[in-house]
Each structure stands twice: as C-alpha cells, then as structure tokens.
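Novice: Protein chains in written order, with this note's numbering: chain Y, 1 to 211; chain P, 1001 to 1211.
There are 2 protein chains.
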Amino acid sequence: MSTPRTRGQRAGLTRQDVLTTAQQLISESGLDGLTMRSLARRLDVAPNALYSYVPNKTALIDGLLDEALATVDAPPPEAGTPADGLSAIMTSTYEVLLAHVDLVPLYLARQGARGPNARRLGDIMLSLLSAAGITDAAAHEAVRVLIVYTIGFAALATPPSLAVTSADTEVAGPHSETTPAGLPLSADELSANFATGLRWLLDGILAPTSR
Amino acid sequence: MSTPRTRGQRAGLTRQDVLTTAQQLISESGLDGLTMRSLARRLDVAPNALYSYVPNKTALIDGLLDEALATVDAPPPEAGTPADGLSAIMTSTYEVLLAHVDLVPLYLARQGARGPNARRLGDIMLSLLSAAGITDAAAHEAVRVLIVYTIGFAALATPPSLAVTSADTEVAGPHSETTPAGLPLSADELSANFATGLRWLLDGILAPTSR
DNA sequence: ACCTGAACACCGTTCAAGT
DNA sequence: ACCTGAACACCGTTCAAGT
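1. In this structure, how does DSSP classify Glu78(Y) when only helix, strand and coil are distinguished?
2. Rounding to the nearest angstrom, what Cα-Cα distance links Ala1131(P) and Asp32(Y) in this structure?
3. Could you check the C-alpha separation between Ile1124(P) and Ala138(Y) for me, to the nearest Å?
4. Just tell me which of Thr1058(P), Leu1019(P) and Pro1055(P) has its CA closest to the CA of Leu1039(P).
5. Would you say the stretch 49-60 of chain Y touches the stretch 90-98 of chain Y, given that touching needs at least three Cβ pairs under 8 Å?
6. Cα-Cα, which of Arg144(Y), Ala22(Y) and Ser191(Y) is closest to Glu67(Y)?
7. Does any residue of chain P bring its CB to less than 7 Å from the CB of Tyr149(Y)?
8. Pull up the distance between the alpha-carbon of Arg41(Y) and that of Leu1129(P), whole angstroms please.
9. Under 8 Å Cβ to Cβ from Thr158(Y), same chain only, skipping five residues before and after it: list those, please.
10. At 9 Å on the CB atoms, spell out the chain Y contacts of Asn1048(P), in chain order.
11. Tell me the rounded alpha-carbon separation between Thr1091(P) and Asp44(Y).
12. Fully enclosed by the stretch 91-134 of chain Y, which alpha helix (DSSP H) runs are 4 residues long or longer?
13. Val143(Y) and Gly1152(P): beta carbons closer than 7 Å?
14. Work out the CA separation of Ile1134(P) and Pro1208(P) for me, nearest whole Å.
15. Do you know offhand how far Ser988(P)'s Cα is from Leu1198(P)'s?
16. Compare the C-beta of Asn1117(P) against all C-beta atoms of chain Y and say whether one is closer than 7 Å.
17. Is Arg37(Y) helix, strand or coil when you go by DSSP?
18. Who are the neighbours of Thr196(Y) on chain P, taking C-beta pairs under 7 Å?
19. Can you grab the Cα-Cα spacing for the pair Ser186(Y) / Ile1026(P), in whole Å?
20. Look up Val1072(P) in the DSSP assignment and say whether it is helix, strand or coil.
21. In this structure, does DSSP put Val54(Y) in helix, strand or coil?
22. Looking at Ile1089(P) and Ala1074(P), is the spacing between their C-beta atoms short of 7 Å?
23. Answer yes or no: does any C-beta atom of chain P fall closer than 7 Å to that of Gly152(Y)?
So this is what it looks like as structure tokens:
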C-alpha cells in the first residue's frame, strides 16, 4: 500500500516478523483477526509472500503456540521437592496460557502443541516424577492428566466465544442468568480454583503407591 | 441437483434434518467437512435455505453440541453415594464425548456449551455435591474442575488435527518418535487414565473439609 | 413461511513470472 | 531466495424476489 514495491524488490521480512505480527493481530482482534491476508496486509506484502516463511497457516499457528511455551518458567529440577517443582511448572504454564488467552482454543484443538518447547516441558515433568519414584506408564499418565487439567482450566478463563463472531444470543428473560457452572469469576478466584484442583491432582499422583 | 425445484417450491426440511445431516457431515469428514454450503448441498437446497432453520453457523454448532449432551446418562440423585453419582455422570459424559470426538474441539472452544442439556447436567452435579455437604462457591469450583477435566481428557482421545487439513509435518529422523507425553494409547488405556484422575479429583473434592 | 438467484466481501493456496 | 500479479476454488451471509 504505502511503498509500492515492484516485481523483484524485497520487503526484508524475517520469520520472526511474521510470527510477531501474527501474535499482534490475534491480541488485537482475536483468532479470526488472523488470516493470511490480514497478516500480509499488516506486513505490507502480498498474501502469498508469507509462504516464503511459513509452509501454511497451520504451521504458522504451531509456531505461535511453541513460541508462547518458550516463556514458561521451568524451575531447576534439583530445587525443592518434586511436588513443588511440578506445582511450579504447571502454575507457570497456566499463567503463560492466561497471558495468551486467545491461543488457548488452539492448544486445545491440537491437544497441547508439538513443538520443541512442549517437549522440553514434558521432559522436565517426567524427570520430576521420576525423582518422586514414578516412571514409565504411570508417569506418562500423570503428565497427561496435568497437561489436560492446566490447558482446560486456562480455557475457563478465556472469554467465551473468542473465535465466534456473531454471538447475538437471544435476549433472556427477566433475570439474565449465569453460565452452566456460574462462570462469572474474577481472575483471582479462577487462579485459586486452579491451585486447589492442582493440589488434589498432585496429592493423588504422588500418594504412596497410588494410595 | 436431482429434483430441480423452482422458485416457490418447498424442500420439506425440518430443523432436525438440518442438525442430523450436519452431524453426519462431521462424522464423515471432520470439522471442516461441515460448511453451510456442503450442508446445503447434501440436503439438496440452496445454501441460504438453511437460514430458515438456523440463524447462523454458530447456532447450528451450538445445536449439535447440546444434542450430544442430551444422551448423557444422569443417574437418579438418590441412588448410591454422591461420589458414585458424580463418578457415573462424569464417566457417561466422557463416553458421550468420545462418541462425538469431532465435536470435542468445539466444546473446548466455547468451554462447555450453554444449551439446556448442559444446564441440566450442571444442576444434577450441584445437587449431588450438596448431598455431600458441599455448596455455594466450593460446589461451583468442583463442578468447573470436573467439567474441565472431562472435556480436556476427551480431547486427548481426539485424533490430533481433526480440524487441521494439510498436516504434512516434516519427516522425522531414523526413529519417528511419540508425541510430547507419549500419546499413542489405546482407548482402554485412556479410559483407565481418565478414571484414575477422576478418582483423585473426587477424593480431593469430597475429602472432609478440604483435608 | 420456506425457498431460489444473485451477489458481496471475504478466505487459503498455487502457479508463473520478475529481479 | 524473496517477492508480485493473477487466478482457482472455495467460504458465510444478505437482499430481493417468487409461491
């Protein structure tokens, strides 16, 4: 638009530019605010220019997910008890997810991302469990439960229908009621709720020989 | 296509036809197999004819979600202990979700559906908790934890990238490895995993004065 | 009320060509 | 290697018109 580039001229993009701007678009206008075309528009290139940096939209989103996970604070495996370590890593993950609420539905849709950072976190969790004497199948069970619980809970904090556009639900009766489980909660209440359930899970996981 | 209807002729559709066929399309070809246009094609009507039965695609999907939840087996609140009742209702929900794997990402995206059937299940859970002496905020906490856990776990059983089209991930090295948490599990293993975590949660929730 | 025709404003992606 | 132009095969939704 502004600088009318012609045929052979370069825009000087990098893959980082593409990812960063994509995240910006999502932050600004939600999940469907990000299209290959809107992204290209923002970067001031033609839509198909993006395919020099990303094989397709799916890969672009995978990149976003993994980039967010990179900021999860993984405590050194030696410090503290395994329970504390697991609690810390899940809580940090929860907070990172909250900082990227709009990505949460995507994590859920592809059940937890597959990138290198996801693997890194999984490995740390396994080593913490191993230090607590839990290995093999039982350890993998525990990891799955914890991941599912954490992402799922982050989804609760996600404003309903981020990805949904026209949500003109019919006007309710006299009292417009709360959601199924009485959803309107503060972020603090939800965090406390998360912590409570996490403790239950960790107690169960780490209980001597599964109770 | 087949019977060339003209201007004023009716196709004789019902809302049920629309919902049923929509579910068929999803079962056959996944989430992006369902578009307003593909649905209309299957029903042999023009795309905009659907808007006589459904205000938009979002509402259509909400209808699908609630219809699935209608089949959840809610045990009579009197039979057995609250723990058994809660376990039964969550297990039934889990099974229903597994029977509709392709809908799970949608449940997650809108965090648990809002229809009448969702409300019905929530109310039953609350009354079971109440019978166990858990009310108010604590009860709502527990409901949220259980719902999130159940939907989240169903997501684990969902084949990765149901909604993702072109998943030509790069070919791995010598050994094509497992997913982050070692995902390739049988349905039975996952169900057992679900049951284990559910027990942990119920133990925590129903423990005398939160331990 | 239920349906069609035609259109609007979009999508993601590919193919060929330029430097 | 990086980019544009142009096109393909789609979307969801609306508006006007027919019976």
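By construction, the Cβ of each residue, glycine as well, lies at the ideal position given by its N, Cα and C atoms.
Specialist: Well, looking at it:
1. Within the first sequence, the letter at position 78 stands for residue 78(Y). Coil, per DSSP.
2. As a first step, residue 1131(P) must be located in the second sequence, where it is residue number 131. As a first step, residue 32(Y) must be located in the first sequence, where it is residue number 32. Computed Cα separation, rounded: 44 Å.
3. Along the second sequence, one-based indexing puts residue 1124(P) at 124. Along the first sequence, one-based indexing puts residue 138(Y) at 138. Roughly 32 Å between the two C-alpha positions.
4. For the purposes of this step, residue 1039(P) is taken as residue 39 along the second sequence, with counting starting at 1. The candidate whose alpha carbon is nearest that of Leu1039(P) is Leu1019(P).
5. With a cut-off of 8 Å on Cβ pairs, the stretch 49-60 of chain Y is not in contact with the stretch 90-98 of chain Y, counting fewer than three such pairs.
6. Locating residue 67(Y) in the first sequence gives position 67, counting from the first residue. Ranking the options by Cα distance to Glu67(Y), first place goes to Ala22(Y).
7. As a working note, residue 149(Y) is residue 149 in the first sequence. At least one chain P Cβ lies under 7 Å of Tyr149(Y).
8. For this step, residue 41(Y) is matched to residue 41 along the first sequence. For this step, residue 1129(P) is matched to residue 129 along the second sequence. Each residue's Cα considered, the two are about 53 Å apart.
9. Here residue 158(Y) is taken as the residue at index 158 of the first sequence, counted from 1. So the list reads Val101, Asp102, Val104 and Pro105, once near-sequence residues are dropped.
10. Looking up residue 1048(P) in the second sequence gives position 48. None at all; the shortest Cβ gap to chain Y is about 16 Å.
11. If you number the second sequence from 1, residue 1091(P) lands on position 91. If you number the first sequence from 1, residue 44(Y) lands on position 44. When rounded, the distance between both Cα atoms is 51 Å.
12. 104-109 and 116-131
13. Taking the first residue of the first sequence as 1, we reach residue 143(Y) at position 143. Taking the first residue of the second sequence as 1, we reach residue 1152(P) at position 152. No, Cβ-Cβ distance for Val143(Y) and Gly1152(P) is not below 7 Å.
14. For the purposes of this step, residue 1208(P) is identified with residue 208 of the second sequence, where counting begins at 1. For the purposes of this step, residue 1134(P) is identified with residue 134 of the second sequence, where counting begins at 1. Their backbone Cα atoms lie some 10 Å apart in a straight line.
15. Summary: the structure shown does not reach residue 988(P), with chain P confined to residues 1001 through 1211, and so no result is reported for it.
16. The residue labelled residue 1117(P) in the question sits at position 117 within the second sequence. By this cut-off, Asn1117(P) is not an interface position.
17. Here residue 37(Y) refers to the residue found at position 37 of the first sequence. Helix.
18. Along the first sequence, one-based indexing puts residue 196(Y) at 196. Ordered by position in chain P, the residues that pass the 7 Å Cβ test against Thr196(Y) are Glu1141.
19. Position 186 of the first sequence, counted from the first residue, corresponds to residue 186(Y). Position 26 of the second sequence, counted from the first residue, corresponds to residue 1026(P). In this structure, the alpha-carbon of Ser186(Y) lies about 36 Å from that of Ile1026(P).
20. Translated into the one-based positions of the second sequence, residue 1072(P) becomes position 72. Correct three-state label for Val1072(P): coil.
21. Here residue 54(Y) corresponds to residue number 54 of the first sequence, with the count starting at 1. Here Val54(Y) sits in coil by DSSP.
22. Residue 1074(P) sits at position 74 when you count from the first residue of the second sequence. Residue 1089(P) sits at position 89 when you count from the first residue of the second sequence. Going by C-beta atoms, Ala1074(P) is nearer than 7 Å to Ile1089(P).
23. The residue given as residue 152(Y) occupies position 152 in the first sequence. So yes, Gly152(Y) belongs to the interface.
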